[in-house]
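Report on the following structure.
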Amino acid sequence: MILVGLNLRPALSSLAPLLPRIESEGELSVLTLSLLTTLPVLCLGLFAPCAPWLARRLGNERSLALGLIILSAGLALRGLSSATTLFTGTLMIGAAIGILGTLLPALVKRELADSADLMTGVYTMALCLGGALGAGLSIPLADALGSWSLSLMSWASFALTALIAWWWIMPQPAAEQQHTASSGHARALLGQPLAWQVMLFMGSQSSLAYIVFGWLPTLLVRQGYSESQAGWLMSASILIQLISAIAAPWLARMSRDQRPALMVVLSLVGIGLCMLLLGPASLSWPGAMLLGLGQGGSFSLALTLIVLRSGNAKIAGELSALVQGGGYTLAAMGPLVVGLMIDAQISTQGITWVLLTILAFAAFMALFAGRQQRLEIDDSGVLLTMNQRHGLNQP
């Protein structure tokens, strides 16, 4: 699971440091690049609901293998330097990551139910490490290989390694376990405010994350940093997420109420963004560190909320599909809006205020999603929201 997690972010973070180079070579316009950064995030949302459908027919394990095959093919195709293959490969990458990212929380809940929150932190740490590798190595790989397209293609070998390892050691559950992703309560989730609250928190914090993945290097280059400096600042920000990705769920499990932890990590995101985008160069590295600590913690807690707000693995799978499907569809608007603002020559200060507005909305939703509640199925098969503090069931 950790090796699979390592592959879910390089495909996204490896493109951002190369965007100024692609634009300067006249390969694609800023508007086209905006669509290119939006497409994979949109596909995450559109294809996440397909994961339970695949799991019912192939099983979670084979569905993960299929996702890795699609991811490997998309990464290879993206490296063929034409606009058509670049967009086709990016679409395949987004679809694969949407499926893989939705299936993994349910697998964690099933295989490691007693420590699912901490395992989610470890899995998120793997995501962050993969993202840092993608951001930090993109420019060196492009320089070494002599082409930005070959730099993008090189990540296919990493995904193929994960595919081989997963196929070799993947668990073989009993036949009845292959169908745990029933859709019986998928529609019922739409009537639960808690599910919407978790989804909107996931969407708003993910929007900020993918804006950073897609446009932070470009914004930093506009501020006077070199391509290499911008890439390493982004890489450092993602790498530092390793600390909060594992620490945040550990702190959150000490209480059934995750709101204090959520407020802390979101505050760090806001401070880090201001230091990086509005502050002097002397604050760039501290700002990158704080941004990384905040975003690593917020993303880890968003995934942890899927597990903690689910009474069993079945609900976790369905909630994961809803939260990641709807959340990532909303999140896709963030990179597109920022790309359009850059194309319209909006100042970095103006863009920063937009980011802080998204952050404020994420904090508002966190106040609801972080409460002591859990989705359960009662004896009659009805989906309920249980208040864990008072033990009350709310239909």
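The sequence shown begins at 50 in the numbering used here and counts up one residue at a time. For glycine and all other residues, C-beta sits at the position ideal for the given N, C-alpha and C.
Going by C-alpha to C-alpha distance, which of MET141, LEU379, LEU300 sits closest to SER349?
LEU300
Restricting to runs no shorter than 4 residues, where is the alpha helix (DSSP H) found entirely within the region 312–384?
333–357, 362–380
Comparing alpha-carbon positions, which option in PRO69, GLY179, LEU389, SER333 lies nearest PRO59?
GLY179
So the candidates are ASP192, LEU126, SER396; which of them puts its Cα closest to the Cα of SER206?
LEU126
Where does LEU126 sit, in a helix, a strand or coil, going by DSSP?
helix
Provide the residue span of the alpha helix (DSSP H) that contains LEU67, from first to last.
Counting along the chain, LEU67 falls outside any alpha helix (DSSP H), and DSSP gives it neither H nor E.
Taking 8 Å as the threshold, find out whether the region 256–271 comes into contact with the region 138–154 through three or more Cβ pairs.
no
Use the C-beta contact count for VAL431: other C-beta atoms within 10 angstroms, 16 or more gives buried, fewer gives exposed.
exposed
Outcome for MET414 when other beta-carbon atoms lying within 10 angstroms are tallied against a minimum of 16
buried
Can you tell me whether VAL431 is helix, strand or coil according to DSSP?
coil
Could you give the distance in angstroms between the alpha-carbon of GLN226 and the alpha-carbon of ARG105?
Unreliable positioning characterises GLN226 in this predicted model, as indicated by a pLDDT of 46, which lies under 50. The coordinate reading is nonetheless provided below. Each residue's alpha carbon lies about 10 Å from the other.
For TRP102 and ALA370, I'd like the C-alpha separation in whole angstroms.
10 Å
Does ARG159 come out as helix, strand or coil in the three-state DSSP assignment?
helix
Kindly indicate the opening and closing residues of the alpha helix (DSSP H) around GLN290.
290–301
For the 8 Å Cβ check, are there 3 or more pairs between the region 68–82 and the region 266–286?
yes
Exposed or buried, what is ASP188 when buried is set at 16 or more other beta-carbons lying within 10 Å of its beta-carbon?
Looking at the sequence itself, residue 188 is Ile, so the reference to Asp does not match. Buried.
Let me know if GLU74 comes out buried or exposed under the rule of 16 or more other beta-carbons within 10 Å of its beta-carbon.
exposed
In whole angstroms, give me the CA-to-CA distance for LEU84 and ARG420.
36 Å
Near PHE410, which residues of its chain fall below 6 Å by C-beta distance, leaving aside the five closest residues on each side in sequence?
SER253
Terminal residues of the continuous alpha helix (DSSP H) containing GLY195?
From DSSP, GLY195 is part of no alpha helix (DSSP H); its letter is neither H nor E.
Using the C-alpha atoms, what's the distance from LEU176 back to ILE292?
12 Å
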